[in-house]
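2 protein chains.
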Amino acid sequence: MKILNRRHLLQSLIMSSGAYALGALAADKNSVGKGNPPPPSRSWPYVALDLERTAELAYQFHDRMSSCMYGVFASIITQLAEKVGEPYRSFPCEMMVYGEGGVAGWGTLCGTLNGGAAAISLLVRQEAERKALIDELFLWYQNTKLPAYTPKNPFFPADLPAVKTDSILCHPSVSTWIKEAKVTFYSKERKERCTRLSADTAAKTVELLNASFAGTVAKQSNLGAKTSDCLSCHGKGGVQADVMAKSCTGCHFPANHQHP
Amino acid sequence: MKILNRRHLLQSLIMSSGAYALGALAADKNSVGKGNPPPPSRSWPYVALDLERTAELAYQFHDRMSSCMYGVFASIITQLAEKVGEPYRSFPCEMMVYGEGGVAGWGTLCGTLNGGAAAISLLVRQEAERKALIDELFLWYQNTKLPAYTPKNPFFPADLPAVKTDSILCHPSVSTWIKEAKVTFYSKERKERCTRLSADTAAKTVELLNASFAGTVAKQSNLGAKTSDCLSCHGKGGVQADVMAKSCTGCHFPANHQHP
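Protein chains in written order, with the working numbering: chain A, 16 to 275; chain B, 16 to 275.
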């Protein structure tokens, strides 16, 4: 079923004309000269995707390229390439391998989320909607017991614990999980956990995209009591106003720090 | 000057044929059926770019789209679109807006680095070289007093302190900088600092790419004494083996935690 509602079409047109205008402005007004940004690309129409197939593709693709970011991103773009054709067929999906291990093993943002956010941003051009979908995806990730996906033919057959890790960062998220699973980072269980997590995150991303393009996204998440409490002082409008973030307790443990 | 040395050409061909083989394998061997990854894209030839123009473009583009990730990524791809044409002209650069504020304001990986890593990964297909360049970029970022860029026509004219922040994450990096600058996160100074940081990171990314394609990358960085000390227990082969990361002290302060 092809879903492309009027709201998204309008958003896409507004975004395109706005970016073209910016390009024209650049040519007139500054010393950058010919350096206009490339004109916004042709439209990237979305069609609703199947969650289960998305999950299975992400599980397979993650393993083949040893990359969570690639697994999630390619699982979505591959299906759109099948259903829509260009420009998806020409997208260089393999560039997304870089996000593995929180980008090249640095342990920062979980690559499944970097891949999910990149896919959302390619497909949803309206700023508020894009940010809302990314917020929903990230909040779901940190607040859900994962992995939940059960592969039909697991690369490493094991009963893995599903753990709520309270963090969207690779290193703290994995650390919390391996403590619960009583394994090392470099174990087969940990590798299998992350591969299954790609399946979960890809399916959630598609769930959000399907709902967004059907006009039925129900935003239910908020940042949570703890983060909201922190941001009441540290966020915009607070006394400190020294932080922009949307999750705190995955890294900060106020009680241990004798927080005032 | 067009630089595309034999090493990179060979790497690119190996990578492409490998990915095609994986696609064929998928069609034969598993239940994913038609879900082969899109075939690897056509080649993305690199030509050496000018560092100063890259910095100025990144400064302008960041401001126009309010996105550090977009600023860095688009500054590089725009110039390649001018010099090479396709496939750069058709790349949907605007998708990279999502990385602002450590991805949609979540404060994780600095968007300038997410954009630099994405550009490196698009252009450098050989895994070891890609990871080495990303490591160099990230280590430079955390170990260098920034911002260093001085715009010809600043959006907000101010003498900004250059600070070594010891972190590649948006939130801790900004937090360290605003303490030194004695401003809030939501100040014009902080906004200007991040815009200039896009210029610095874009230029550094291009410096690394130019050197890589000229075959003259001199890898001088290592993870540093503190991180190496942590990883001697916590990294691969250590007694704990519970961490994959490449930087520790930006978040962890062992003395405060009574680390054994």
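Just so you know, even glycine gets a beta-carbon here, dropped at the ideal spot from N, CA and C. Quick caveat: nothing in here was measured; it's all calculated off a predicted structure.
Coarse secondary structure for residue i, derived from DSSP in three states
{"i": "B:V178", "result": "strand"}
{"i": "A:L238", "result": "coil"}
{"i": "A:S262", "result": "coil"}
{"i": "B:H249", "result": "helix"}
{"i": "B:Q255", "result": "coil"}
{"i": "A:V198", "result": "coil"}
{"i": "A:W59", "result": "coil"}
{"i": "A:S213", "result": "helix"}
{"i": "A:F268", "result": "coil"}
{"i": "B:S81", "result": "coil"}
{"i": "B:N129", "result": "helix"}
{"i": "A:I29", "result": "Confidence in A:I29 is poor, its pLDDT being 36 and thus under 50, which makes the residue's placement unreliable; the coordinate value appears in the next sentence. Three-state result, A:I29: helix."}
{"i": "A:N168", "result": "coil"}
{"i": "B:T231", "result": "coil"}
{"i": "A:G100", "result": "coil"}
Beta-ladder partner(s) of residue i, from DSSP
{"i": "A:L184", "result": "A:L124"}
{"i": "A:L161", "result": "A:V178"}
Beta carbon proximity, residue i to chain A, threshold 8 Å
{"i": "B:D150", "result": "yes"}
{"i": "B:I183", "result": "yes"}
{"i": "B:A121", "result": "Contrary to the premise, residue 121 of chain B reads as Trp rather than Ala in this sequence. By this cut-off, B:W121 is an interface position."}
{"i": "B:C8", "result": "This structure gives no information on residue 8 of chain B, because the portion of chain B shown stretches from 16 to 275."}
{"i": "B:F200", "result": "yes"}
{"i": "B:V118", "result": "yes"}
{"i": "B:H274", "result": "no"}
{"i": "B:A177", "result": "no"}
{"i": "B:H77", "result": "no"}
{"i": "B:I91", "result": "no"}
{"i": "B:A256", "result": "yes"}
Beta-carbon gap between residue i and residue j smaller than 8 Å
{"i": "B:S227", "j": "B:L148", "result": "yes"}
{"i": "A:V139", "j": "A:T220", "result": "no"}
{"i": "B:L161", "j": "B:V178", "result": "yes"}
{"i": "A:G265", "j": "A:S182", "result": "yes"}
{"i": "A:W192", "j": "A:T180", "result": "yes"}
{"i": "A:G253", "j": "A:H186", "result": "no"}
{"i": "B:A63", "j": "B:N237", "result": "no"}
{"i": "B:L332", "j": "B:L124", "result": "Beyond the ends of chain B as shown, which are 16 and 275, falls residue 332 of chain B; an answer cannot be given."}
{"i": "B:H267", "j": "B:D257", "result": "no"}
{"i": "B:P107", "j": "A:L72", "result": "no"}
{"i": "B:V118", "j": "A:A132", "result": "yes"}
is_contact[residue i, chain B] using C-beta, thresh 8 Å
{"i": "A:R211", "result": "no"}
{"i": "A:G126", "result": "no"}
{"i": "A:A260", "result": "yes"}
{"i": "A:A42", "result": "Note on A:A42: pLDDT 37, under 50, position unreliable in the model; the coordinate value appears next. With 8 Å as the cut-off, A:A42 does not count as an interface residue toward chain B."}
{"i": "A:S236", "result": "no"}
{"i": "A:Y113", "result": "yes"}
{"i": "A:S227", "result": "no"}
{"i": "A:V155", "result": "Residue 155 of chain A is actually Trp in this sequence, not Val. Output row for A:W155: interface = no."}
{"i": "A:R208", "result": "no"}
{"i": "A:W59", "result": "yes"}
8 Å contact criterion, which residue i and residue j should meet: CB distance rounded
{"i": "A:I91", "j": "A:A217", "result": "7 Å"}
{"i": "B:S81", "j": "B:E115", "result": "6 Å"}
{"i": "A:P102", "j": "A:W155", "result": "That belief does not hold up - the Cβ atoms of A:P102 and A:W155 are roughly 29 Å apart, past 8 Å."}
{"i": "A:F171", "j": "B:M259", "result": "Incorrect: roughly 18 Å between the Cβ atoms, too far for contact."}
Residue i Cβ short of 7 Å to the ligand NAP heavy atom set
{"i": "B:L246", "result": "Absence of the ligand NAP from the depicted structure is noted, as is the absence of any ligand whatsoever, leaving it without description."}
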